[in-house]
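For the sequence shown, the working numbering puts the final residue at 54, and the numbers step up evenly by one.
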Amino acid sequence: MQKTTNDQGNPDTAKNQNAEATKTYTCSMHPEVVSDKPGKCPKCGMELIEKNS
2 MQKTTNDQGN PDTAKNQNAE ATKTYTCSMH PEVVSDKPGK CPKCGMELIE
52 KNS
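What follows is the structure in structure tokens.
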């Protein structure tokens, strides 16, 4: 009998998916600018950086 597994039963997979979903990005010069994806600051055009939570 072959045993199969899926990602739903793996708690590490769930943690990684939640970590991806909660990433936020901000501008180093304008911390009030917050985004859920990387990009450029609408105020100054600098690249948004990943915010440490």
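No residue lacks a Cβ here, since even glycine has one placed at the ideal position from N, Cα and C.
For clarity, every value in this text was computed on a predicted model and none was experimentally measured.
Can you list, in chain order, the residues of its chain whose CB lies under 8 angstroms from that of cysteine 28, leaving out five sequence neighbours each side?
Val34, Cys42, Lys44, Cys45, Met47, Leu49 and Ile50
Look up glutamate 33 in the DSSP assignment and say whether it is helix, strand or coil.
coil
On the DSSP bridge assignment, give the partners of threonine 27 in chain order.
Val35 and Ile50
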